Structures are given as C-alpha cells and as structure tokens.
Amino acid sequence: MEHLRWGTPDRLRGLLCELVSWRSMTLTEGEREFPGKVQAKLQELQYFQENPSHLGLHEADMGRRFLTGLYKGDTEETIVLLSHFDTVNTEEYGDLEEYAYQPEELTKLLLNRIDELQVDAQKDLKSGEYLFGRGTMDMKMGLAMHMGLLEKATVEKWPINLLLLTVPDEEVNSSGMRAAVTKLLELKDKHNISYKLFLNGEPVFTQEPGDRSFYVYSGSIGKIMPSALFYGKETHVGEPLSGITAPYIASFLTQRMEWNMSLQEKVNGETTPLPVTLQQKDLRLEYSTQTPYRSAALYNVFLMKRNAEEIMEIFERVAIDSAGACNQAYKEVCLKQSVEPIGEVRVLRYEDLQTHTIRKFGHQFVEEIKAQVQANPKWDDREKSLRIADSLMIECQELAPAIVLIYAPPYYPAVNSSKDDLVKSCVEFIKEKGQEKFHLPVKQVHYFNGISDLSYVNYQDEGEGWTAFKGNTPVWGSSYCIPFDAMTQLRAPVLNVGPFGKDAHKRTERLHMKSAFEEVPSLVEEMIKMISKSTCQSLNC
518 MEHLRWGTPD
528 RLRGLLCELV
538 SWRSMTLTEG
548 EREFPGKVQA
558 KLQELQYFQE
568 NPSHLGLHEA
578 DMGRRFLTGL
588 YKGDTEETIV
598 LLSHFDTVNT
608 EEYGDLEEYA
618 YQPEELTKLL
628 LNRIDELQVD
638 AQKDLKSGEY
648 LFGRGTMDMK
658 MGLAMHMGLL
668 EKATVEKWPI
678 NLLLLTVPDE
688 EVNSSGMRAA
698 VTKLLELKDK
708 HNISYKLFLN
718 GEPVFTQEPG
728 DRSFYVYSGS
738 IGKIMPSALF
748 YGKETHVGEP
758 LSGITAPYIA
768 SFLTQRMEWN
778 MSLQEKVNGE
788 TTPLPVTLQQ
798 KDLRLEYSTQ
808 TPYRSAALYN
818 VFLMKRNAEE
828 IMEIFERVAI
838 DSAGACNQAY
848 KEVCLKQSVE
858 PIGEVRVLRY
868 EDLQTHTIRK
878 FGHQFVEEIK
888 AQVQANPKWD
898 DREKSLRIAD
908 SLMIECQELA
918 PAIVLIYAPP
928 YYPAVNSSKD
938 DLVKSCVEFI
948 KEKGQEKFHL
958 PVKQVHYFNG
968 ISDLSYVNYQ
978 DEGEGWTAFK
988 GNTPVWGSSY
998 CIPFDAMTQL
1008 RAPVLNVGPF
1018 GKDAHKRTER
1028 LHMKSAFEEV
1038 PSLVEEMIKM
1048 ISKSTCQSLN
1058 C
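Numbering (my numbering), first residue to last: 518 to 1058.
Okay, here's the thing in structure tokens:
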C-alpha cells in the first residue's frame, strides 16, 4: 500500500505547521499564493498524478483563487470537505509577531512570557496540550485534517467521493466561497456526481469560560448588516437651529438599534447575540465650522430563521420610531428657542431613493454615480455602499432631512440541517463514538456561532426575502453579489465537525493537540465510512 504522508498524529502536526507557516492574511500576497502551494502538496499524491484533471485552481477575485481536489470512489455520492485558508492579521503579537506563524517556536517562547497571558491561557500553556499560533485553530487545522482524509481515501479506495474545497476571504467578504458556488455546480455536471453532505471543519468554540465540551454543529448562524445614511441640513455653527446635524439624527436610531431585543432570535433553545453598532462616522473628509450634515452607521444583526426582508421591515419600524422621537425632541427645542423648524426627518429605503433619483435624472445618471464611487480603490464595499447612497442624496436634497436605510456587505444567510435524517445519524454517530473511543462529551449545537462559508449552500427561502437585500445594497451587481439561485441548487445538508481550540483572532489563539491530531480526524473518518457504508447498502453495491 502507498505510504501515507499525513497518516499519523505527528505527520498531521507537521502538515499543520507547514500550512500555518505559509502566511495568508486576508488581502495579502500570501493569501493569493497559498492555494498554489496546497495544490503542489496534493500533486505529490499518486492519485492526483494519475488524475491531474481532478485537481484545480479557480478564480475568485482580486487575483485570489480557490482550490478543488476530487477523489472519485466509483459512485455519484459526494461529500464536500469545506475550509478556508485566510487568517486575520497578527499585530496583537507585538514583538513576537514574526513567530505568529511558527507554532512550535511560538509555544516555546510564550513559556518565557507566561505572566503576560490570561489565567486560562497560562493554564493551557503549562499543560503542554495546546499549540499556539495564528491559524492553528481558525482554521488551517480543518484544512490539514481534510487533506489527510483525502489522501487516505485515495490510498484505501473509499467507496464514496470526497471533494476538497478550500477558499480565500472567509474572514472579510467570503468572495472565495461565493465564487465557488457556481464551480460546485459545474463540477457536479462535469464529473456526474451528486452532493450528499457539505462538511465544514471550522473549530469548536467554547460556549462559556472553562467549557471543555466538544460540539458538532448542524447549522451556521447568519449575519446581516442593516445600515443607515443620516442626511441632515447644513448650517454654520453660529446658527445651529438653521439646520439639523446628522449626528443628532443618528443618535436616536443608534440608541434604539444597539441591543435591540426585537432583532434577537431564539431557535431550538439557542439565542442570537444582540445587535450592536459596528461603525458610526461622519462622512466629511475634512474639518470645518459647517455643521456635520452627513453621517452613517453600520449595525450588526445575527439571524437564524429570518431573511433580509424580515430584518429590513423590523429595521424600518425602528427607524420610523427613531425619526418620530427625533422630530419631537427637535420641535421642542425650536419652540423654546422661538425658531421655525426646518422640516421633519423622513425614513426611506435605498431602493426608494434610487427610484426617486432615476425619475429625476435618468438611469444613466445613477449608473455614472455608482461607477465614480466604484472607481475609488481605497474604499471597500461597506464604504462604497455608504458613498453611493450619499452621492444620490446630495443630488436629491429635497428629501432631506432623512434616514436612508441600506444594506452593506457582507450577508451570510443562516443555514440549518438539524432535521435532516443524514445529519441526525451523523450527530448520533459522533456522540456515540466520541464517548466510546475517547470518553469525549459530545454535544450538538444547531447554529455554529462563529459565522462560516456554509451560509452559501443549501439556501432555502420560501418567498423572495433575498430581494430586499438585492434592492437595498448599493454595490449589488458591481463589486458584490450573492448567487442565490445557484445556492438553492446545492441541495445537500450541512454539518461542521472540527478540532477544539480557544481564542480565535486573539494573541493566544491555540489548538488542542489531542483533539486536532487524534480525536477529530478519527471520528470524521469513521463518520464518512459510516455514510459510505449506508450509501452502499441502499444502492446494493
């Protein structure tokens, strides 16, 4: 039998450390180079030397690519092994930053700095059970595990197909996964395969301090970003009541959006975190004694069952309530100061602003404004969204003062497969085997709370809820889009089984070694073999 390169815990650990050493922070050259290096590793396997067309690099955006590697096991049934290879940055490591991508060295060096760490991290470091470093937990171990499983399947000739898919940009806009959706459909037709399960390898997060339970996730939480452009009436600071400032208008909405329980969901005993403000700022690029009449805010909202239209409806109600309170407070001040109010703050959706502007100036005019904003290389999709709405309002000041409601990217639809029979059997299998083999307390979580690329498969929307996102996202169709139609065609359940770790995105990010190199790879391998065996039985193969 062919020698297994990654078939032991020590070899898997070596592979992980090599993957981590390939720096791949989002939006860096390292991220662009990473999938080519993984491809070169997989090309060493005999199977891909014999089947080179089963291994491919595919374009995402900005010169970034995603990798697919298909093992065919004489069946149509296919499990997609999903991971992302980008990481967040490493500034928080300070003078140890150069070692952030060298897990073995960093773990040793931290022993000399142990007093700098939090108590929990100190305890884990002393135990010798954890490997520290950027990407060890989130989520290059998931990729390393999938590479090991893929290799083993090719050597042992497993009777099921495995499609390894690893993508860039999960940490920012998920452009890698959004691009991969249509490629998954192409590969399905090209190789005559059918998707049975989308299996992610994102890490297990603790649910509370000191938690050491092992979780499997039968879904992934959604995230959406309702945002607002606040457009007041400018004036000189010497005549403050001759206008109304954007920060004043914004204060009413932000106070009502922050921690708003009407935007919280509870499903299967799990609750979404409360909404918070991610950004609030003045849109002026310089200081002056003109009052700030244009500002913006981005609000983070998590989802389980709700879609974009439902969130927009709630957001609109909150905004109307906020505008009413703002108008009332403003009138009272004007009354006391014997000043005539300049008008009432209105609330409108971006799609209504765009329709108004087209009616006034024509469709071509609006497209030219969008193109001008899109041409600015310094602005990301969030900034571009705000600037497009702002540019339209500048041309339609008869609508001011106003709160313009928009959506800013990214949008992660929630996905859940808790009721799926295959997922139920997989969860029960992991629970039983985990306890039997490793005395591991395994629990099910219905929604992975770390946000994941699983959001872009198995999309289900009984109505047209997604059109509210399309219609109110200023950058839709240019620099940002989501392939909703294609996502609905990827009809297979989702599951996340990954290694245990702690402190993702922190200086003390660390991976539990026994979980990563022994327990989870073994459990996932046995689960895949269980799926393939039941598939064979049902097909009488």
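Ideal Cβ positions, reconstructed from N, Cα and C, are used throughout, including at glycine.
Please read all numbers here as calculations on a predicted model, not as lab measurements.
Of the choices the options, whose alpha-carbon is the least far from that of residue i?
i, options, result
"Tyr1072", "Ala917, Pro1038, Trp993", "An answer regarding residue 1072 cannot be provided, because it is not within the stretch 518 to 1058 covered by the chain."
"Gly994", "Val1014, Leu820, Thr1025, Gln891", "Gln891"
"Thr545", "Gln563, Leu559, Gly739, Asp578", "Asp578"
"Asp612", "Lys1031, Arg1024, Ser1032", "Arg1024"
"Ile596", "Lys960, Arg522, Leu701, Lys558", "Leu701"
"Arg522", "Leu666, Glu622, Lys877", "Leu666"
"Thr592", "Lys705, Leu599, Leu634", "Lys705"
"Val921", "Met662, Ala814, Met774", "Ala814"
"Pro927", "Cys913, Glu912, Gly860, Ile999", "Ile999"
"Pro809", "Glu827, Lys960, Gly760", "Gly760"
"Glu668", "Leu795, Glu861, Tyr564", "Tyr564"
"Phe986", "Arg834, Tyr867, Tyr610, Lys960", "Tyr867"
"Val733", "Glu725, Ile741, Glu719", "Glu719"
"Gln781", "Leu795, Ile875, Glu827, Gln797", "Glu827"
Please return the same chain residues whose Cβ sits closer than 7 Å to the Cβ of residue i, not counting the five positions on each side in sequence.
i, result
"Arg549", "Gly580, Arg581"
"Phe946", "Met1044, Met1047"
"Leu957", "Phe731, Gly951, Glu1036"
"Trp983", "Asn824, Ala825, Phe1001"
"Leu572", "Gln556, Leu559, Gln560, Phe565, Gly586"
"Ala1003", "Val698, Thr699, Leu702"
"Lys1136", "Nothing can be reported for residue 1136, as the shown portion of the chain is limited to 518 through 1058."
Taking the straight line between their C-alpha atoms, what separation do you get for residue i and residue j?
i, j, result
"Glu646", "Asp527", "14 Å"
"Ser570", "Gln556", "12 Å"
"Phe602", "Trp896", "24 Å"
"Glu1035", "Met829", "45 Å"
"Ala906", "Leu865", "11 Å"
"Phe769", "Val944", "45 Å"
"Leu923", "Ser902", "Residue identity differs from the one stated: residue 923 is Ile in this sequence, not Leu. Whole-angstrom Cα-Cα distance: 8 Å."
"Tyr765", "Pro1010", "47 Å"
"Ala697", "Val1014", "21 Å"
"Asp641", "Thr762", "51 Å"
"Gly736", "Leu1012", "6 Å"
"Glu608", "Ser1032", "28 Å"
"Thr653", "Ser711", "32 Å"
"Gln881", "Asp898", "21 Å"
"Arg1027", "Pro620", "9 Å"
"Val636", "Thr624", "16 Å"
"Val487", "Gln566", "Not covered by the structure: residue 487. The range shown for the chain is 518 to 1058."
"Ile886", "Thr990", "15 Å"
"Gly739", "Ser969", "9 Å"
"Gln854", "Tyr847", "11 Å"
By the 10 Å Cβ neighbour count, where 16 or more other Cβ atoms means buried, how is residue i classified, buried or exposed?
i, result
"Asp686", "buried"
"Gln871", "buried"
"Gly553", "exposed"
"Thr788", "exposed"
"Thr585", "buried"
"Arg651", "buried"
"Pro743", "buried"
"Ile911", "exposed"
"Met518", "Its pLDDT being 48, under 50, Met518 is placed unreliably by the model, and nothing is read from it."
"Arg811", "buried"
"Arg904", "buried"
"Ala670", "buried"
"Asn893", "exposed"
"Glu884", "exposed"
"Leu802", "exposed"
"Pro1016", "buried"
Check the C-beta distance from residue i over to residue j and give it rounded, since I have them as a contact under 8 Å.
i, j, result
"Ile677", "Ser1049", "4 Å"
"Leu626", "Tyr616", "6 Å"
"Asp632", "Asn824", "Rounded, the Cβ-Cβ distance is 49 Å, inconsistent with contact."
"Ala931", "Lys822", "7 Å"
"Leu681", "His708", "The pair is not a contact, with the Cβ atoms about 14 Å apart (cut-off 8 Å)."
"Asp661", "Asp1020", "It should be noted that the sequence gives Ala, not Asp, for residue 661. Not a contact, Cβ separation roughly 19 Å."
"Leu791", "Trp776", "5 Å"
"Asp728", "His1022", "The Cβ separation is near 18 Å, so there is no contact."
"Gly475", "Lys674", "Because the chain here runs from 518 to 1058, residue 475 falls outside it and cannot be looked at."
Keeping to the same chain, check which residues put their C-beta closer than 8 Å to that of residue i; ignore five residues upstream and five downstream.
i, result
"Glu851", "Reading the sequence as shown, one finds Cys at residue 851 and not Glu. The answer, listed in chain order, is Leu758, Glu857, Pro858."
"Leu939", "Lys713, Leu714, Pro1010, Ile1048"
"His575", "Arg582, Phe583, Leu584, Thr585, Ala696, Ala697, Lys700"
"Glu561", "Arg522"
"Ala836", "Ala745, Leu770, Val864, Ile920, Leu922"
Residues in its own chain within less than 6 Å of residue i by CB, not counting five upstream and five downstream?
i, result
"Phe722", "Gly967"
"Ser538", "Tyr618"
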